[in-house]
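Working notes, beginning with the structure itself.
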Amino acid sequence: MNVIFTHLTGPDAAVVVDDDYTAVYTLIRAEPPYNSGPLYHPDRYRERTGNQLDRPGFTLVAVEDGATLAGFAFGFTMPAGRWWGGDTTPGPPEVVAADKFAVIELNLRAEYRGRGIGRRLLAELLDGRPERYATLLSLPEAAAHDIYEHWGWKVAGTCRPAPDTMLADVMVKEL
Numbered sequence: 001m002n003v004i005f006t007h008l009t010g011p012d013a014a015v016v017v018d019d020d021y022t023a024v025y026t027l028i029r030a031e032p033p034y035n036s037g038p039l040y041h042p043d044r045y046r047e048r049t050g051n052q053l054d055r056p057g058f059t060l061v062a063v064e065d066g067a068t069l070a071g072f073a074f075g076f077t078m079p080a081g082r083w084w085g086g087d088t089t090p091g092p093p094e095v096v097a098a099d100k101f102a103v104i105e106l107n108l109r110a111e112y113r114g115r116g117i118g119r120r121l122l123a124e125l126l127d128g129r130p131e132r133y134a135t136l137l138s139l140p141e142a143a144a145h146d147i148y149e150h151w152g153w154k155v156a157g158t159c160r161p162a163p164d165t166m167l168a169d170v171m172v173k174e175l
């Protein structure tokens, strides 16, 4: 296995809504605890992600193994004063008051997990960011939640981004 990480921004990052990326996203969101819930429908993914492409600081990192898209991660700058939407607990004042990088997606095919690729994928996304903090949402029941905690992320509240979604933990890490 010889994986390659590719960083994409601007118009080049629009590939994140193409069929290959949507297929990886849908495959992973069919796993428990997501179980293909309404938020994870391919059409909602494409619409939501397409709307995020123009956000300041939008960055996509893809990891490929030959011709196979093994996974991807992306996010954007959440400006000072802004916090997660939906039904959300207030965030830590020092984090809300600062620019922060919102990790929106981190997806890695099951056969690539447990090899350090996910950790490197997230590091590739966050390394060199100008923001002081990063934040993400994670379902407490998801295996990734424990991994994020192991990597130093701290639970800072909860968020239900839409009425038909599960309650997620808001996690924060100082960069």
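Mapping to the UniProt record's numbering: the sequence shown position 60 is 60, numbers consecutive.
Positions of the beta carbon are idealized from the N, C-alpha and C atoms, including for glycine.
| query | result |
| --- | --- |
| Express the C-alpha separation of Leu122 and Tyr34 in angstroms, rounding to a whole number. | 20 Å |
| Which partner residues of His7 appear in the DSSP bridge assignment? | Val61 |
| Which ranges does the alpha helix (DSSP H) cover as unbroken runs of at least 4 residues, wholly within the stretch 118-147, from first to last along the chain? | none |
| As a quick exercise: from Trp151, Gly114, Gly86, Asn107, pick the residue whose alpha carbon is nearest that of Ala168. | Gly86 |
| Alpha carbon to alpha carbon, what distance is there between Glu149 and Ala62? | 23 Å |
| Only counting the same chain, and skipping five residues up and downstream in sequence, which positions put a Cβ closer than 6 Å to that of Pro161? | Gly86 |
| Measuring straight from C-alpha to C-alpha, what distance separates Leu53 and Pro79? | 15 Å |
| On the criterion of 16 or more Cβ atoms from any shown chain inside 10 Å, does Gly91 qualify as buried, or is it exposed? | buried |
| Would Ala70 be called buried (16 or more neighbouring beta carbons within 10 Å of its own) or exposed? | buried |
| Answer with buried or exposed for Leu175, where buried requires no fewer than 16 other C-beta atoms within 10 angstroms of its C-beta. | exposed |
| Looking at the secondary structure, which residues open and close the alpha helix (DSSP H) in which Val96 lies? | 93-96 |
| So does the stretch 39-51 actually touch the stretch 16-30, counting three or more Cβ pairs closer than 8 Å? | yes |
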